[in-house]
Each structure stands twice: as C-alpha cells, then as structure tokens.
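The opening residue of the sequence shown carries number 42 in our numbering; numbering runs sequentially from there.
Everything on this sheet refers to the single structure shown next.
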Amino acid sequence: GINVGISYVARNVDNTLVAYKADDFWKTVAIYAFCLVLALPIRALQSYLIPKLGLLWREWLSGRLLSRYLTNRAYYILNPNDESSEEIDNPDQRISQDVGSFTTTSLSVAVEVFAALLTFFSFIIVLWGISSQLAIWLLVYSVLGTTVVIFASRKLVILNYLQLKLEADFRYGLVHIRDNAESIAFYRGERQEFGEADRRLGGAIRNFDRLIIWQALISVIQRSYDYFSRFLPWLVIAPIYFAKQVDFGVFGQASIAFSQVLFSVSYIVNNIDQLASFSASISRLEGFQAKVDEISNAAGLLEGDHASAAEGAGAIAGAGILVSHVDLMPPGSSRLLVRDLSLAVNAGERLLVVGPSGCGKTSFLRTVSGLWPPTSGYVERPAEGELLFIPQKPYMLLGSLREQLCYPLAPDRFSDEQLRHVLEQVMLAELVQRYPDLDIKQDWPRLLSLGEQQRLAFARLLLSSPRFVVLDEATSALDVNTERHLYKLLAEREMALVSVGHRPTLTSFHELVLELDGNGGWRLLPAAGYEVGRTA
Numbered sequence: 042g043i044n045v046g047i048s049y050v051a052r053n054v055d056n057t058l059v060a061y062k063a064d065d066f067w068k069t070v071a072i073y074a075f076c077l078v079l080a081l082p083i084r085a086l087q088s089y090l091i092p093k094l095g096l097l098w099r100e101w102l103s104g105r106l107l108s109r110y111l112t113n114r115a116y117y118i119l120n121p122n123d124e125s126s127e128e129i130d131n132p133d134q135r136i137s138q139d140v141g142s143f144t145t146t147s148l149s150v151a152v153e154v155f156a157a158l159l160t161f162f163s164f165i166i167v168l169w170g171i172s173s174q175l176a177i178w179l180l181v182y183s184v185l186g187t188t189v190v191i192f193a194s195r196k197l198v199i200l201n202y203l204q205l206k207l208e209a210d211f212r213y214g215l216v217h218i219r220d221n222a223e224s225i226a227f228y229r230g231e232r233q234e235f236g237e238a239d240r241r242l243g244g245a246i247r248n249f250d251r252l253i254i255w256q257a258l259i260s261v262i263q264r265s266y267d268y269f270s271r272f273l274p275w276l277v278i279a280p281i282y283f284a285k286q287v288d289f290g291v292f293g294q295a296s297i298a299f300s301q302v303l304f305s306v307s308y309i310v311n312n313i314d315q316l317a318s319f320s321a322s323i324s325r326l327e328g329f330q331a332k333v334d335e336i337s338n339a340a341g342l343l344e345g346d347h348a349s350a351a352e353g354a355g356a357i358a359g360a361g362i363l364v365s366h367v368d369l370m371p372p373g374s375s376r377l378l379v380r381d382l383s384l385a386v387n388a389g390e391r392l393l394v395v396g397p398s399g400c401g402k403t404s405f406l407r408t409v410s411g412l413w414p415p416t417s418g419y420v421e422r423p424a425e426g427e428l429l430f431i432p433q434k435p436y437m438l439l440g441s442l443r444e445q446l447c448y449p450l451a452p453d454r455f456s457d458e459q460l461r462h463v464l465e466q467v468m469l470a471e472l473v474q475r476y477p478d479l480d481i482k483q484d485w486p487r488l489l490s491l492g493e494q495q496r497l498a499f500a501r502l503l504l505s506s507p508r509f510v511v512l513d514e515a516t517s518a519l520d521v522n523t524e525r526h527l528y529k530l531l532a533e534r535e536m537a538l539v540s541v542g543h544r545p546t547l548t549s550f551h552e553l554v555l556e557l558d559g560n561g562g563w564r565l566l567p568a569a570g571y572e573v574g575r576t577a
C-alpha cells in the first residue's frame, strides 16, 4: 500500500515540476517524506523478525534431525565414510549447514513471494488503469522470460547439489588429516595426504567452474530480460502521451507500476540462483530425512510409536547371550563368514573367540552386540544396559575426564572419590595427578596413548558394571601383567565375557573357546589346554 502511494506521489512530483508549481511540489515532497517515515520502522522490524524466526526454526529442526540421527543407530547404518556408497553422504553437513540454509532461505522465499503477490495485486490495478495493453504485454513477457529461465536453469540445480557434496567431501578430508595428524607425521605421509586433499579440492573446483559457466549464462538471460523490459512502458505509453490522452506524470507512474508488477511476476527469473541452491538443500534434507525414517521403520520404531520393539530382525532380549542357527554375513553382502552358528553364554561364563584374520570374529561380536542383524536364525542378548562393548580403540568423546569415565552414563552419577578410586584400580592413578581437575576438557585421543585409552575403557566398564561384556582385542596395547590385572577385576565382579584376542595368555581367563576356521566352519572347545593361534 505504501509503494502504491509512493507511485502516485512520484506522478504528482513530475506534474508539479512540469507545471512549475512550487507550492504543490513541496507539499508532495512532504507526503513522500511521511511515507518514508512510515515505511522505515516496518522494514527494520522485518529485518529483525525474519532472521530471528529462522534461527528458532533452525534450532527446532536441527534438534529433531539430530535426535532422529542418533536413534536406532542411524548414524552407524548410514556409513558416510564410504564414498562409493549410494547412501546419504556427509550427514554432518546436512544437519549443520543444509538445515541453516533451508530455514533461512525458506523464510526469505516465503516473505518475498508474499510481498510479490501483494505488489502484483496492488500495482496491476494501477497499471491496468493507465494502460490495459501495457498490463497484458507485461504478463506475456514475464511468462516467456520465466519459461526460458526455468528451462535454462535445470542444470544449475544439479550442479548446486553436487557442489554441496564435493565441498563437504573436501572438508571431511581435511578433518581426517587433523584427526590423524600424529600417524601421518610418523609415516611422513604428507605427499599422499596432499594428493588426496588436492583430488577432493580439484573435484569441487572443476564442478564450480561448470557452475560459473551456467551462472554466467543465466545472468545474460536475466540482464537481457531486465534491459528490454525498460523499453516496454515507453513504447506503449508514448503513443497515448503524444495523442495528449495522458499527462507527463503518467510516464513516471507507469514506469514505477510496471517495474513493480514486473518484479513481482519475475521472481523466479530474478532469483534463480538462490532458488537452485535452495532446491539442492531441500533435496539433500529430504533424502536424509527419508533415509533416517527408513531406518526407524526397519527397526519398528516409527515416530509416535511408544511401544518397545526388537533391536533387529531375529533378535530378542533374553537373560543371557544365545545364538541359534545363525549365518554371519556383512549387511548388504552375500559373503558367508560363519555358517549355522549356535552357542550360549550365560551369566558369569566366559567365551574366547579365535581364528585367522578375516574369519568373522568381529562380525560375530557385532551381531551379538546388536550392530548387525542376523540373516538367519535368531539371537538373544541381555537387555539394554546389561551388555557393554569395548573395541580395540576405545571411543574418546569431546568432553572432560569425568565425562570420559562415566560415558555413556550421566557424568554426575559418580562422586570424585569413586572416579579416582576406579582410576587407581586400572593403574591410571597418575592421570589424576596430571589432570587433577576432573571437569577440564582436553584433546584426550591426542594426550592419552592407546594403552591408557584401553585402561580408561576398563574404568568405564567397572563403573557401569554390566552383567555381560564384549571385548574386541581390548587389551592389545597392554603388557601381559596389566592385561592379567584387568581381567582379574572383571572376574571378581563375575561379569560374563565374550572376548576376541590372539594372545595365548587369554585362555586362562575363559572357560570356552569359539574357533572360526575362515571358511564358514566353527568349533566350540574347552579353554583348558587350548593353544591360541594353532589354526592361524
């Protein structure tokens, strides 16, 4: 409404200037100033409210997606590290960057489209009153221009989608170098790392080069569309002005009304770059949400369904570990690792899993722990919280020493005395001396050796006190005496164990040995007298 009023003010300004009416001119300028004073606070409020609403929307949407991503082990199933996979790439970018782009651009597009519609209906009346012929020509012109731009920009959407992926891949490569800086330095692998990072950067650069070409093409179309549109009001209004059917001020008002209506109906033409990038963000978020929902559906945990479900096909909760007629195969693969496996581990029992490299030892642990669903038969495992898995390289979270020890439980669950005592039990008392403040945050994977990290994982284990423990070479970086000490701590607490290891000394801490031969076969033998490595 204010813009329509300004168009009439502009018309009156032109007419007063042509007629040399100074008093009327200054009155018109005063009206124009009043319109500006009225419009500026509205614009300022709009500039604050839209980004603020976008921020609140991003907070809600990011939290929702993050919650879904960390439910039903979706973060594990998506496997973003496999570049050859057709699954969802770079979920971290989709949550952190694409969500922000989506919420900000969505609100911007919504407000701009609403403003365009309001402008169109306001000024089309003004324009039609000046010249119906001009209004018709404008609509035809805008439809043709929009059609051409949409047709030419289809490639732009594809390139924007690909650019987001390539940029995220390059960033992930740099993060990988940072996270493995010490190993790279030991190997002196700078040349190889540079080559890989440069390859990823090259992919992003080449795609962006193609993007520049298409953006330049679209820009030429947009410029041509804009420049030619300036002549239309003159060509249509000039004949009726020379025929003295309208006054001179109509030229200015017609130009304003024409440009406003043209701007409103040319929204796609003027914003095709932004819309192409917006479309790419929508596609990535939609794909991410669909995949996470697919994982939830497969787990039987649809949103809003509060009923408990099994943790995987053929898996049920039980009092112990029971594997019945299970074929072990990696998800999505037809390679059979172990055939028709059946065994049981009850409370307090200890099983050692041995065999040559690649025979399926870790795959067995993943199936027992619930990471992999059985392809046949069924698996019983203890209820959640009663089974804990300790990998060869323990997970070190971003947090304090207190949080490291208590993970995955709440950090306030144990007192400082309990934490210091458990560190002494696992022979890490010097860690408290080095870092007396349990709440200080450090780069623990860099500060602690692998042996210290493995002992810290045992400290977590003692604090959590699960009835069943799955150990995947969890003492590989420790000496034999420390290994013996830690296993005795578990035995004192009568924890049931399923261990993978290669050291002969491990047999003394177990009652049974599951021997895998690497060809799908297996044997269950007494641990007494068994020699680890004799079949390797």
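Virtual Cβ for every residue (Gly too), placed ideally from N, Cα, C.
Neighbour-count burial assignment, residue i, 16 or more Cβ in a 10 Å radius
i: Gly399; result: exposed
i: Glu208; result: buried
i: Arg325; result: buried
i: Ser172; result: buried
i: Phe155; result: exposed
i: Arg219; result: exposed
i: Gln494; result: buried
i: Pro372; result: exposed
i: Asn338; result: exposed
i: Asp64; result: exposed
i: Ala176; result: buried
i: Phe227; result: exposed
i: Ala151; result: exposed
CB of residue i within 8 Å of CB of residue j, strictly
i: Leu610; j: Gly492; result: With the chain running from 42 to 577 in the structure shown, residue 610 is simply not present.
i: Gly401; j: Leu378; result: yes
i: Tyr308; j: Glu153; result: yes
i: Ile246; j: Asp314; result: no
i: Val189; j: Leu406; result: no
i: Val467; j: Ala500; result: yes
i: Ser322; j: Phe143; result: yes
i: Val420; j: Thr403; result: no
i: His217; j: Arg391; result: no
i: Gln255; j: Leu197; result: The question names Gln, but residue 255 is Trp in the sequence shown. Yes, Cβ-Cβ distance for Trp255 and Leu197 is below 8 Å.
i: Leu502; j: Leu429; result: yes
i: Leu497; j: Leu469; result: yes
i: Ile431; j: Val510; result: yes
i: Ala298; j: Phe161; result: no
Between the CA atoms of residue j and residue i - distance to the nearest angstrom
i: Ile481; j: Pro414; result: 39 Å
i: Ala74; j: Ile83; result: 15 Å
i: Leu557; j: Val521; result: 24 Å
i: Leu273; j: Cys76; result: 28 Å
i: Phe283; j: Val54; result: 20 Å
i: Ser417; j: Asp381; result: 8 Å
i: Pro92; j: Trp101; result: 14 Å
i: Lys68; j: Ala80; result: 19 Å
i: Gly236; j: Ile225; result: 13 Å
i: Gly141; j: Pro477; result: 40 Å
i: Glu234; j: Gln204; result: 22 Å
i: Arg232; j: Ser265; result: 48 Å
i: Glu572; j: Asp513; result: 19 Å
i: Val184; j: Ser305; result: 12 Å
i: Ile129; j: Tyr117; result: 12 Å
i: Ala561; j: Leu316; result: First, the amino acid is wrong: residue 561 is Gly here, not Ala. Roughly 54 Å separates the two Cα atoms.
i: Arg564; j: Leu119; result: 34 Å
i: Thr516; j: Pro545; result: 13 Å
i: Thr548; j: Pro507; result: 22 Å
i: Arg422; j: Leu479; result: 34 Å
i: Ile199; j: Asp139; result: 16 Å
Sequence-distant residues of its chain with Cβ nearer than 6 Å to residue i (five each side left out)
i: Ser14; result: As shown, the chain starts at 42 and ends at 577. That puts residue 14 outside it, with no answer to give.
i: Thr187; result: Ile309 and Val310
i: Phe66; result: Thr57
i: Leu106; result: Ile136
Other residues of its chain near residue i: CB distance less than 8 Å, five sequence neighbours each side excluded
i: Gly244; result: Leu207, Asp210 and Phe211
i: Ala60; result: none
i: Gly490; result: Checking the sequence, you will find Ser at residue 490 rather than Gly. Within the same chain, Ser490 has close Cβ partners Ala518.
i: Gln263; result: Val190, Val310, Asn311 and Ile313
Spatial neighbours of residue i in its chain, beta-carbon cut-off 7 Å, leaving aside the 5 residues before and after
i: Arg241; result: Asp210, Phe211 and Gly214
i: Val386; result: Gly361, Ile362, Leu392, Ala537 and Val539
i: Ala115; result: Arg109, Val333 and Ile336
i: Cys447; result: Arg454, Phe455 and Leu504
i: Asp457; result: Leu479
Discussion item. For the pair the region 176-188 and the region 134-146, tell me if three or more CB-CB distances fall below 8 Å.
Written reply: Contact fails: fewer than three Cβ-Cβ distances are below 8 Å.
Item to complete: Decide yes or no for the touch test of the region 206-225 against the region 329-338: beta carbon pairs closer than 8 Å, at least 3 of them.
Response: Touching, no, given that fewer than three Cβ pairs across the two stretches are closer than 8 Å.
Worksheet item: Three or more beta-carbon pairs under 8 Å between the region 534-543 and the region 439-459, yes or no?
Response: These segments do not touch.
Worksheet item: With a cut-off of 8 Å, do at least 3 Cβ pairs link the region 432-445 to the region 470-487?
Response: Segments in contact, yes.
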